[in-house]
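Enquirer: Going from the sequence shown to my numbering is simple: count from 1 and add 112.
Dropping a structure here in structure tokens format, bear with me for questions.
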Amino acid sequence: NYISADGTQTFAADAYYRTIGKDIEEAAKELPVVVSGDAAWVCAQTAPTRLRLTILDGGYINPSDKTATVQFQNIDVKSVTDLLSGETFVPNADGTLKIDIAAGLFRFISVELNRPFTGT
């Protein structure tokens, strides 16, 4: 069961998960970066105008080459660079780009912004 923040209500998990899913989808619209595809990822702000995106092959048991789709939102991207290979990426007009991940490996991506990201 899910319990309300004040502890006064209980919601059945087999139905309430839909509400939680919608809430997560809405909250994701506030993130600066969202990654889709069979990849694990994390993004951290390392400076006011810099984000560090780490993307990993999501096939933990059966690794294989993957392609992650990165969606930039709510930020003004200046440059995108793989820190290890030096490869640069240019997002499409819709703020997306595709990044290939070799089987069992990861990519460290530096995202430089034109303006500081404040999270608001």
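Glycine is no exception: its CB is placed at the ideal position from the N, C-alpha and C atoms.
1. What is the rounded straight-line gap between the Cα of Asn186 and the Cα of Pro144?
2. Please classify Phe184: is it buried, with 16 or more other beta-carbons within 10 angstroms of its beta-carbon, or exposed?
3. Can you grab the Cα-Cα spacing for the pair Leu217 / Thr120, in whole Å?
4. Following the continuous beta strand (DSSP E) through Lys190, name the residue where it begins and the one where it ends.
5. With Ala151 and Ile213 assumed to form a contact (beta carbons below 8 Å), what rounded beta-carbon distance in angstroms separates them?
6. DSSP state of Tyr129, grouped into three classes?
7. Give the DSSP-derived three-state secondary structure of Ile173 in the structure shown.
8. Grouping DSSP H, G and I as helix and E and B as strand, with all else coil, what is Asp212?
9. Rounding to the nearest angstrom, what Cα-Cα distance links Val202 and Lys178 in this structure?
10. Could you tell me whether the segment 222-230 touches the segment 150-168, where touching means 3 or more Cβ pairs closer than 8 Å?
11. Can you tell me whether Ala205 is helix, strand or coil according to DSSP?
12. For the putative contact between Val192 and Thr200, defined by C-beta atoms under 8 Å, what is the C-beta separation to the nearest angstrom?
Expert: By the coordinates alone:
1. 5 Å
2. buried
3. 46 Å
4. 189-194
5. 6 Å
6. helix
7. coil
8. strand
9. 19 Å
10. yes
11. coil
12. 7 Å
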